[in-house]
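Chemist:
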Amino acid sequence: MSTDARLAPFRDAARLVVKVGSSLLVAADGSARRDWLATLAEDVATCAARGQRVILVSSGAIALGARLLGLKSGGRASLEDAQAAAAVGQIRLAGLWADQLAAHGLKAAQMLVTLGDFEERRRWLNAAATLERLVALGVVPVLNENDSVATEEIRFGDNDRLAARVAQAARAEAVLLLSDVDGLYTANPDRSPDARRIDLVPDLEAVASLADSGSRSGMGSGGMAAKLEAARIARAAGIPLAIAAGAGPHPLARFLETGQGTVFPAAPGAPARKAWLVGRMVVEGRLRVDAGAAQALGQGRSLLAAGITAVEGGFARGDAVDVVAPDGRTIARGLVAYDAEEVSRIAGKRSDAIGAILGYAPRSAVIHRDQMVML
Ligand code: GLU
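So the number in the numbering used here is just where the residue sits in the sequence shown, counting from 1, plus 1382.
1) Where do the N-terminal and C-terminal ends of the alpha helix (DSSP H) with Pro1633 fall, by residue?
2) Quick check: does the Cβ of Gly1695 come within less than 7 Å of any heavy atom belonging to the ligand GLU?
3) Against chain C, with Cβ distances strictly below 8 Å, would Gly1605 count as a contact?
4) If we ignore side chains and look at the alpha-carbon of each, how far apart do Ser1597 and Glu1501 end up?
5) Restricting to runs no shorter than 3 residues, where is the beta strand (DSSP E) found entirely within the region 1560 to 1631?
6) Any heavy atom of the ligand GTP inside 7 Å of the beta-carbon of Ile1615?
7) Check whether the Cβ atoms of Val1439 and Leu1544 lie closer than 8 Å to each other.
8) Would you say Phe1646 and Ala1613 are within 8 Å of each other, going by their C-beta atoms?
9) On the CB-based measure, 16 or more other CB atoms within 10 Å of its CB, does Pro1622 come out buried or exposed?
10) For the beta strand (DSSP E) that contains Ser1440, what are its first and last residues?
11) Looking at the unbroken beta strand (DSSP E) that takes in Pro1523, where does it start and where does it end?
12) CB of Asp1425 to nearest heavy atom of the ligand GLU: below 7 Å?
13) Enumerate in chain order the residues of its own chain whose CB-to-CB distance from Pro1631 is below 7 Å, with the five nearest sequence positions on each side excluded.
14) Measure the alpha-carbon distance for Arg1732 versus Phe1697 and round it to whole angstroms.
15) Quick check: does the Cβ of Asp1562 come within less than 7 Å of any heavy atom belonging to the ligand GLU?
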């Protein structure tokens, strides 16, 4: 694929999400890289001038706050440190963006979100509506995780996946992750001199083993594993994603011009609700199914009780669960129509026997196909 073809979705996107990693915004000594930030703000203004709306996902709160508080390990020694550092750093971070964007006549808006805001459908729609209004008002949204209240269980933990979710919520057409690495390599470039950058990744499965978790700078928390996970979420939503080097000046303009980086093209977009479901990060349980059921799901059918061989987790009706094939692969995710205890009772039973077991008229499926996505 030519560079122009790879880049077209990013150049043409009416709305583009740009994620900025901590190590770009914050120098090794913990101070903000203002001059660099000024060049990126200029890029955002250039995009705006040609009608492209940029939505920023900015890391850096913890790194900035850690310096201000004199905390060790970049503020990541404990959750309490990270929460305190984020609280102190976020106010700085928001100020930096507001100032830099204002220098180009742009208004910045801060949105701090937690995982739950994007996992629960109603809260998701609410966040989406706010983004919609901000973009309509010509404001540049700057998002980050609300790290000062997010605890381990309820946090994204990295802004890569957050950026993919934000793109979905904001109905963006492309996502660019600006990082201290300039893309995905065939091997770890720090260790293998022969490592080559991969320009285009049409098949995520084929590169899954190349993820090397942990970030190079030690400042952010994402690493390649989180970036590939972000690519998976974006892909399912029909949104292309790219990873490009951010450290030099004008990183956004440079990427849009040269295309240096790794591009993950979009899959044909799943319907929005299904894409939201794939992007969810918390599943409350697992249903193991037999080969016949796995095959039926592959043909677009609903999951019936008869094909379920085991039930794991304490989920309630309406929760998201994964469906696992006999070979151990997770093949689908969906919203389950019964509680875990009810599914345990009807697992392996034919539809005509279920009413008597439950004592009420059964639902048409354990997971209806409209509430399920194949993975
Ligand atoms: N939300 C974190 C921060 O602002 C960064 C998360 C990440 O490293 O991706 O510091």
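C-beta atoms are modelled at their ideal positions from N, C-alpha and C, and glycine is treated no differently.
Modeler: If we stick to the structure as given:
1) 1633 to 1640
2) no
3) In the structure shown, chain C does not exist; there is a single protein chain.
4) Note that Ser1597 scores a pLDDT of 48, beneath 50, so its modelled location is shaky; the value from the coordinates is reported in the next line. If I take the Cα positions, the gap works out to 25 Å.
5) 1623 to 1627
6) Looking for the ligand GTP in the displayed structure turns up nothing; the ligands present are the ligand GLU.
7) yes
8) yes
9) buried
10) 1435 to 1440
11) 1522 to 1527
12) no
13) Trp1418, Thr1421
14) 22 Å
15) no
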